[in-house]
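Shown next, in structure tokens, is the structure this report addresses.
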Amino acid sequence: MKNSALLIGITAVIVAACAASRPVADNEMGLSKTSVFEDPSPSVFDYPKTEPSAATALPRAWNSAPPQVPHKIDAFVPITTNKNMCVTCHDKPSLIGKKTKGIPTSMPESHYDTIEGKLVRNNGRHVCTQCHAPQASVAELVGNTFKTDQ
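9 is the number of the first residue of the sequence shown in our numbering; add one for each residue after it.
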């Protein structure tokens, strides 16, 4: 009897506490503390229309960052093992590590296989847009505080 009374008392306290609490509003959830229904849609943007022959290299965010694509690529994608227009200009093993104005940046040695001491291109390893992305001038949705160690 004593246990039953204690159990009924605890149950009553829990029910009263639950009934007294108010539901959580959508603008009180998560880290942003704003309504999920007020999330603005980003504005429409275009990638650069610069032709590859007229493009200049973009600065890198840090030393080992993959280069950004400074020209339009709409005619180059999708990239497949049978069709990769990027290597048409950037496959220059003799220019690895050399920067020459007016000459496209050569792919680094890491983009090749070494067979019997020779650098050999392996098209299966060239999914260029996996690391290299064209850039568009857009407003930041969230502020960026990244600082490089350079």
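A virtual CB, placed ideally from N, CA and C, is assigned to each residue, including glycine. These figures come from a predicted structure and were not determined experimentally.
Closest Cα partner of residue i within the set the options
i: ALA33; options: GLY151, ASN152, ALA25 and PHE45; result: PHE45
i: ALA73; options: ASN152, ASN130 and PRO116; result: PRO116
i: ALA141; options: LYS10, LEU15 and VAL85; result: VAL85
Reduced DSSP category for residue i - H, G, I as helix; E, B as strand; rest coil
i: VAL128; result: strand
i: ILE111; result: coil
i: VAL135; result: coil
i: ASN11; result: helix
i: PRO101; result: helix
i: GLY151; result: coil
i: VAL85; result: coil
Per DSSP, cross-strand counterpart(s) of residue i
i: PRO142; result: VAL77
i: ASP121; result: VAL128
Cα-Cα separation between residue i and residue j, rounded to whole angstroms
i: THR156; j: TYR120; result: 28 Å
i: CYS26; j: ILE18; result: 12 Å
i: THR88; j: PHE154; result: 34 Å
i: PRO101; j: SER114; result: 7 Å
i: GLU36; j: PRO48; result: 18 Å
i: LYS126; j: VAL52; result: 46 Å
i: ALA65; j: VAL128; result: 25 Å
i: ASN90; j: LEU149; result: 37 Å
i: ASN130; j: VAL77; result: 21 Å
i: THR122; j: ILE104; result: 14 Å
i: PRO2; j: THR96; result: Any property of residue 2 remains undetermined from this structure, which presents the chain solely from 9 to 158.
i: MET93; j: GLU124; result: 27 Å
i: GLN39; j: PRO31; result: Checking the sequence shown, residue 39 turns out to be Leu, not Gln. Their Cα atoms are separated by approximately 18 Å.
Taking contact to mean 3 or more Cβ pairs, one atom from each stretch, closer than 8 Å, check whether the region 95–111 and the region 66–83 are in contact. No, the region 95–111 does not touch the region 66–83.
Between the region 126–143 and the region 72–85, are three or more C-beta pairs nearer than 8 Å? Segments in contact, yes.
Does the count of Cβ pairs from the region 144–154 and the region 45–59 closer than 8 Å reach three? By the Cβ criterion, the region 144–154 is in contact with the region 45–59, since at least three pairs of Cβ atoms, one from each stretch, lie closer than 8 Å.
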